[in-house]
Each structure stands twice: as C-alpha cells, then as structure tokens.
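Student:
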Amino acid sequence: MTSLQTLVESSLKTDSASYRETVKAGDYWIHEIGAGQVMRIVDLEGNQAVDTLFYSAADTSERYSAIDTISRQGDIYLTTGSILRTNLGRPMLTITADTCGRHDTLGGACATESNQVRYAIEKRHMHACRRSFLLAVADPKWNLSKRDLAPNINFFMNVPVTPEGRLTFEDGISEAGKYVEMRAEMDVICVISNCPQLNNPCNAYNPTPIQVVIWPSTAR
Ligand SMILES: [Zn+2]
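Printed below as a string of structure tokens:
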C-alpha cells in the first residue's frame, strides 16, 4: 500500500516552468511529457472537472489503468503520493503535490450517449468529454485511436462512494487556484478534456478554463 498525504504544496515556481498553456472551458489538450518532467494542472476558477488519460509515448498500447492504480495503492481516490500505473502495473506518474486533496478514478468521461440516458433525450447534441478525446487523438502523429480510449482520471472531481457502494456525483471540493502536480516516471502522452458538462455539479454547471504548466526534469 502506498501512503497517501493530502494537501501538499509544491516548491516549484512558475518562473522556472518551460511550458504554460490555458485550456479553455470545454476544450481539449494533448501533449508529450518527458520522463522526469513535472506537470501541474491548475483549476483556475474552481469546481472544474479535468478528464485525463495517459499513454506511454514509447508504446501507446501501454496506458493509464485505473484498476492497477487503485488496487496497488489500496485507495480509490488520488492525491499526493498516488502512483498512476499502466495496464502492465508500471509506474507512469507520481502525484507530488495536491492542494485540492481528492481526485476521482471511477466516474469516467461524459458522452453524448450518457447525457441522453442520464438527463434528457434533447441533451444528445451537447458537447461531451468523449468527443473531445476523439478530437484530441484524431491527429495520426499520436498513434492513438478510438479504441485506445479507456477509463480516465477526473482531476478535481468529487465522486464519493457511499458505505453501500454507490457512486455519487457531488459538488466539487476544489476552489479557484487549486492544483495537482505530478512527475512523469516515463515518457507519456497526456490527453485532457476540460469537461464541458452542464448537467451535473462536476463543473458547478459552469465549465471554466484550466492551466497546464510543465517544468523541465532539471527543475527539482
Ligand atoms: Zn465531461
């Protein structure tokens, strides 16, 4: 079991970052992060769900695995100390700082189909994370396709499991400026859908921008 510690601040300063990008509300982002580099995701305005997938850049058939991550750490939530593992059980990234304190591994990504089933038939046309993931992986340079989409992490999203084992989508516990930071343990491709969902409280019914910051491997 990994020992997890919530609410740990980072010592990294944004002046020493090598990359900074704002991802607009409802938009997607795809980028390679080299082994040893550190990535921070900032919830700029608070209560924003950030649906995220990771793949090994060397072989994209090796990807983030919720099951391997959860079973090895013995905890369903992610926070500082969590090691994100691949479907081969290998460490992919380690969460090194987290000022939010809880991130979801179980809720999955919203899709036009699930919007229709959960909310209303008229919601089908609404933009959803699965669409954003598909747009992100459409460029052949990433060597990814529709069949590579797997259960994702929802950073900043609050999906508590009740004592009866039920999943509930609750109001976020994140606030403006909260962040989560992780060090890549291998070269990874990161795919983010900055969730456009308007029908449940995961974005406080108001999707907002996030910021992604990357530091070179020498920053630590
Ligand atoms: Zn979504």
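Numbering (the working numbering), first residue to last: 1150 to 1369. Note that beta-carbon positions come from the ideal geometry of N, C-alpha and C, so glycine has one too.
Going by DSSP, what residues sit across from Phe1304 in a beta bridge?
Tutor: By 1-based counting over the sequence shown, the position of residue 1304 is 155. DSSP, once it has assigned bridges, lists Val1199 as partnering Phe1304.
Student: Could you tell me whether the region 1247–1255 touches the region 1336–1349, using the rule of 3 or more Cβ pairs below 8 Å?
Tutor: The region 1247–1255, when compared against the region 1336–1349, does not touch it at the 8 Å Cβ threshold.
Student: Please decide whether Cys1339 counts as near chain D, where near means a Cβ-Cβ distance under 8 Å.
Tutor: Protein chains in the displayed structure number just one, and chain D is not present.
Student: Does at least one heavy atom of ligand 1 sit under 7 Å from the Cβ of Cys1249?
Tutor: Residue 1249 sits at position 100 when you count from the first residue of the sequence shown. False, no ligand heavy atom lies under 7 Å from that Cβ.
Student: What three-state label does DSSP hand Thr1357 in the structure shown?
Tutor: Taking the first residue of the sequence shown as 1, we reach residue 1357 at position 208. It is coil, neither helix nor strand.
Student: When you compare the region 1234–1248 with the region 1308–1321, are there three or more beta-carbon pairs, one atom per stretch, that lie closer than 8 Å?
Tutor: At 8 Å Cβ cutoff, the stretches do not touch.
Student: Check whether the Cβ of Asp1320 sits closer than 7 Å to any heavy atom of ligand 1, and report yes or no.
Tutor: Sequence index remark: in the sequence shown, residue 1320 carries index 171 (1-based). No - ligand 1 has no heavy atom lying nearer than 7 Å to the Cβ of Asp1320.
Student: Is Asp1200 near ligand 1, with its Cβ less than 7 Å from a heavy atom?
Tutor: As a first step, residue 1200 is located in the sequence shown; it is residue number 51 there, counting from the start. Correct: Asp1200 has its Cβ closer than 7 Å to ligand 1.
Student: Please list the segments of the beta strand (DSSP E) lying wholly inside the region 1273–1351, counting only runs of 3 or more residues, in order along the chain.
Tutor: The region 1273–1351 contains these whole beta strand (DSSP E) runs: 1302–1304, 1327–1333, 1337–1343.
Student: For Ser1281, count neighbouring Cβ atoms within 10 angstroms of its own Cβ and tell me buried if that reaches 16, exposed if not.
Tutor: For the purposes of this step, residue 1281 is identified with residue 132 of the sequence shown, where counting begins at 1. Answer is buried; the Cβ neighbour count reaches 16.
Student: Could you name the residues of the same chain whose beta carbon sits closer than 6 Å to that of Cys1259, not counting the 5 residues immediately before and after it, in chain order?
Tutor: Numbered from its first residue, the sequence shown carries residue 1259 at position 110. The residues are Ala1277, Cys1278, Gln1346.
Student: Thinking C-alpha only, which one of Leu1156, Arg1169, Arg1212 is nearest Asn1292?
Tutor: Within the sequence shown, numbered from 1, the residue matching residue 1292 stands at position 143. Considering only alpha carbons, the answer is Arg1212.
Student: For Thr1171, which residues of its own chain have a beta-carbon under 6 Å away from its beta-carbon, when the five flanking residues on both sides are left out?
Tutor: Counted from its first residue, the sequence shown places residue 1171 at position 22. Answer for Thr1171: Pro1358, Gln1360, listed in chain order.
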